[in-house]
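In the working numbering, the protein residues as written are 9 to 195. Note that the Cβ used here is the ideal one computed from N, Cα and C, for glycine as well. Structure first, then comments.
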């Protein structure tokens, strides 16, 4: 059987068998000849080592249109690699806890700008949270100033009863002590 290795997306001959060379790992059994479209040396070397006839057909460079610019495949690949490298550098920095604005790479710069806006918003929220926590502490302190000191009042009541030599239970409630103190002038 003849097998064609190509990463083309259209223009397939229905009478031929195709494989994507990007997924090549080893020669297939039962293949008598191979046509390789493009630069896929690993496919060529593997089939030639297996003693199978290999024909290589080079593709003409593909022109990609980017606005008014026409890029060949090598230029486009270079641009994508540079973009990928700047994104990776940004990600490595973020993982290390650093946020450094990339000098190049449209996507990396846009990602940095978006993350910087998020960082600023988080800082603003943290400041608001801290401010609210301070206000809460201040209000809590003011509220505590208006609370009667329960233990202090009980001690005052007990001192009055002790001065009048009135006996009371050690675990008497505040209300019971107040009643005893109210009855003091009668005694």
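Please work out which residues of its chain come closer than 6 Å, Cβ to Cβ, to residue 51, disregarding the five sequence neighbours upstream and downstream, and give them in chain order. Closer than 6 Å at the Cβ level, and outside the excluded window around residue 51, lie 13, 29, 32 and 44.
Locate the beta strand (DSSP E) running through residue 97, then write down its first and last residues. Careful: residue 97 lies outside any beta strand (DSSP E), inside the alpha helix (DSSP H) at 81 to 103.
Compute the Euclidean distance between the alpha carbons of residue 116 and residue 127, then round it to the nearest angstrom. 16 Å
Contacts around residue 10, its chain only, beta-carbon distance under 6 Å, and the 5 residues preceding and following it disregarded: Counting only Cβ-Cβ distances below 6 Å, and skipping sequence neighbours, we find 41.
What residues in its chain sit with their C-beta under 8 Å from that of residue 166, if we drop five residues either side in the sequence? Exclusion of the five residues before and after residue 166 leaves 176 and 185 as the residues of its chain whose Cβ lies within less than 8 Å of its Cβ.
Extent of the continuous beta strand (DSSP E) to which residue 26 belongs: 25 to 27
In its own chain, which residues sit with a C-beta less than 8 Å from the C-beta of residue 161, not counting the 5 before and 5 after it? 182
Report all residues from its chain with a CB closer than 8 Å to the CB of residue 114; omit the five preceding and five following residues, and keep chain order. 91
What is the rounded straight-line gap between the Cα of residue 170 and the Cα of residue 137? 51 Å
Just the C-alpha distance for residue 64 and residue 34, rounded to the nearest angstrom, thanks. 17 Å
Please list the terminal residues of the continuous alpha helix (DSSP H) segment that includes residue 41. Looking at the DSSP string, residue 41 is not in any alpha helix (DSSP H); the run it does join, the beta strand (DSSP E), is 41 to 45.
Buried or exposed: where does residue 120 fall if 16 or more other Cβ atoms within 10 Å of its Cβ makes it buried? Only buried fits residue 120, as 16 or more other CB atoms lie within 10 angstroms of its CB.
Specify, as a first and last residue, the run of the alpha helix (DSSP H) that residue 125 falls within. 114 to 154
In terms of residues, what are the limits of the alpha helix (DSSP H) holding residue 176? That residue, residue 176, is in no alpha helix (DSSP H); it is neither H nor E in DSSP.
Kindly indicate which three-state DSSP category residue 165 falls into: helix, strand or coil? helix
Determine the extent of the alpha helix (DSSP H) in which residue 56 is found, giving its start and end residues. 49 to 57
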